[in-house]
Amino acid sequence: MARTVVRAARPEERPAAEALVGAAFSAEPPAPRPADGSEDWSDHLPRVAVDEESERVLATSVVRLCGQWWGGRRVPAAALAGVAVDATARGHGVGRALVADTFAAAREAGALVVALIPSTHAFYRKAGCGIAGRRSVYAVGTHDLRDLPRDRSLSYRAATPQDAPRVAELVAAHATRTNGVLDHDRGTGSAVQYVAERDGAVVGWCALGRRPVRPGHGGNYAVTVLDLVGADPAAEFGLWRDLAADEPSAREVHTLVRPGGLLEQHLPRQTDVVEDSTWMLGLLDVPAALAARGYPHGVAGRVVLDVTGHGVLTLDVAAGVARVTDGGTPTVQLGPADLASLYAGHLDPVTARHTGALHGEDDAVGLLRTFFAGPPAVLDRPF
Ligand SMILES: CC(C)(COP(=O)(O)OP(=O)(O)OC[C@H]1O[C@@H](n2cnc3c(N)ncnc32)[C@H](O)[C@@H]1OP(=O)(O)O)[C@@H](O)C(=O)NCCC(=O)NCCS
Numbered sequence: 001m002a003r004t005v006v007r008a009a010r011p012e013e014r015p016a017a018e019a020l021v022g023a024a025f026s027a028e029p030p031a032p033r034p035a036d037g038s039e040d041w042s043d044h045l046p047r048v049a050v051d052e053e054s055e056r057v058l059a060t061s062v063v064r065l066c067g068q069w070w071g072g073r074r075v076p077a078a079a080l081a082g083v084a085v086d087a088t089a090r091g092h093g094v095g096r097a098l099v100a101d102t103f104a105a106a107r108e109a110g111a112l113v114v115a116l117i118p119s120t121h122a123f124y125r126k127a128g129c130g131i132a133g134r135r136s137v138y139a140v141g142t143h144d145l146r147d148l149p150r151d152r153s154l155s156y157r158a159a160t161p162q163d164a165p166r167v168a169e170l171v172a173a174h175a176t177r178t179n180g181v182l183d184h185d186r187g188t189g190s191a192v193q194y195v196a197e198r199d200g201a202v203v204g205w206c207a208l209g210r211r212p213v214r215p216g217h218g219g220n221y222a223v224t225v226l227d228l229v230g231a232d233p234a235a236e237f238g239l240w241r242d243l244a245a246d247e248p249s250a251r252e253v254h255t256l257v258r259p260g261g262l263l264e265q266h267l268p269r270q271t272d273v274v275e276d277s278t279w280m281l282g283l284l285d286v287p288a289a290l291a292a293r294g295y296p297h298g299v300a301g302r303v304v305l306d307v308t309g310h311g312v313l314t315l316d317v318a319a320g321v322a323r324v325t326d327g328g329t330p331t332v333q334l335g336p337a338d339l340a341s342l343y344a345g346h347l348d349p350v351t352a353r354h355t356g357a358l359h360g361e362d363d364a365v366g367l368l369r370t371f372f373a374g375p376p377a378v379l380d381r382p383f
């Protein structure tokens, strides 16, 4: 195997990098990009592994720098997409070196956590990432949306670039109530984007796409909801309700259904899962990531964590925030991937102790459970 070098990608290497991603994920090619160079990539860090002698691109990855919301606070984050190694170069450590370099570059740029949708859990677990949640896309009957309360005060228009700050505000307000939400991305998969207005103010937004109908389900296409946010419950209901206008061309709306959210509580019947995946989280800077997130109010206590490969740190939680200091006498031992799963509220500490992923006394483990309690984390926008 020739020697490889990992580094930032040069603009002229982008076509070769996109060809690698296309070849690795041929069933889902990357979203088409504008050919006129108008795309804003200032918040993206593209990296490559190249053959040292020929400079041929052997592997590629890209992260988008953004915020991710945890416990009501925005944590500087990186969303990792499109890791692909040329089929001829796999199995020689190229992917591992590229991911380590990408994570280091993201941390250097200020990101404290990294979020990704893996095709290969084992590979990312070795890089310190743990499962953070599920991403289940459901096929909701368009007809069923007709039963939701209509908000007749809403009117719609196509979103413009000038709407981005207000939409980002709506996304952020929603994000403070839940976990795992990424900052608004103006691109949102190059989808059709609408804003909803009430009395001249933007109170909602959605990004929609289309996909072929599932065999036997009728209609001309299925609507896919890439994002949908309302400023208040009436606006959110109204946005869902108005998707029923696509019936009968679209018999189904394919969408994430947030556990415990408005849509889940008001759908009249069970829906089919049409896509199911997990997503993963990595803590790029363990103490800083623990200090940056929010914690449940009313919970106070101290846990001393011994994190494999990172040393011992003391976590003092009070008034919704944590103070993190080096050292202490450990009360809990665990690895970085499991700590990331805990951080996401996906791995329950009591269960983790039972399975051997974590060691600790009852009080410390019980306290950890309360620190990371919260709504299931949903990575709810494409990147
Ligand atoms: C997954 C992929 C990125 C791995 O790259 P690679 O260069 O072959 O991986 P490496 O040789 O660096 O392997 C690093 C470690 O991960 C493990 N690993 C790699 N691919 C794995 C897989 N599919 N399943 C389980 N473990 C895997 C290796 O065994 C190795 O473990 P070790 O450190 O204990 O030796 C590459 O195979 C690829 O591009 N696949 C197609 C696209 C894809 O799946 N991308 C990733 C998801 S977004």
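Position 224 of the sequence shown, counting from 1, maps to 224 under my numbering, and the rest follow consecutively. Beta carbons: idealized from backbone N, C-alpha and C, even for Gly.
Express the C-alpha separation of residue j and residue i in angstroms, rounding to a whole number.
i	j	result
alanine 191	valine 6	33 Å
valine 350	tyrosine 194	44 Å
aspartate 36	aspartate 285	At aspartate 36, the pLDDT of 49 sits below 50, so the modelled position is not reliable; the number obtained from the coordinates is stated separately. Distance between the alpha carbons of aspartate 36 and aspartate 285 is about 37 Å.
tyrosine 156	alanine 79	30 Å
alanine 158	glutamate 18	30 Å
glycine 385	glutamate 52	Residue 385 lies beyond the range of the chain shown here (1 to 383); nothing can be said about it.
valine 85	phenylalanine 25	11 Å
arginine 186	proline 161	8 Å
aspartate 232	leucine 208	20 Å
proline 76	leucine 65	8 Å
leucine 368	alanine 234	36 Å
glycine 71	valine 253	30 Å
cysteine 206	arginine 251	19 Å
threonine 355	aspartate 348	11 Å
isoleucine 117	aspartate 276	11 Å
Name, in chain order, the residues that DSSP records as bridge partners for residue i.
i	result
alanine 292	Answer is none; alanine 292 lacks a bridge partner.
alanine 319	Looking at the DSSP assignment, alanine 319 forms no beta bridge with any residue, so it has no partner.
glutamate 169	DSSP lists no partner for glutamate 169.
tyrosine 156	Ala196
isoleucine 131	Met280
aspartate 227	Ala207
histidine 44	Arg64
arginine 73	Trp70
tyrosine 136	The identity of residue 136 in the sequence shown is serine, whereas the question assumes tyrosine. Serine 136 is bridged to Asp276.
glycine 311	Val307
aspartate 51	Thr4
Please check the pair residue i and residue j, which I expect to be a contact at CB under 8 Å, by giving their CB distance rounded to whole angstroms.
i	j	result
arginine 47	leucine 98	6 Å
threonine 4	valine 62	Incorrect: roughly 18 Å between the Cβ atoms, too far for contact.
Buried or exposed, going by whether 16 or more other CB atoms sit within 10 Å of the CB of residue i?
i	result
alanine 59	buried
alanine 87	exposed
alanine 127	buried
arginine 353	buried
proline 336	buried
arginine 10	exposed
serine 341	buried
aspartate 199	exposed
message: Which residues end up in the neighbourhood of ligand 1 when you take C-beta atoms closer than 6 Å to any of its heavy atoms?
response: Cβ-based neighbours of ligand 1 within the cut-off: Ala24, Val83, Ala84, Val85, Arg90, Gly91, His92, Gly93, Val94, Gly95, Arg96, Pro118, Ser119, Thr120, Ala122, Phe123 and Lys126.
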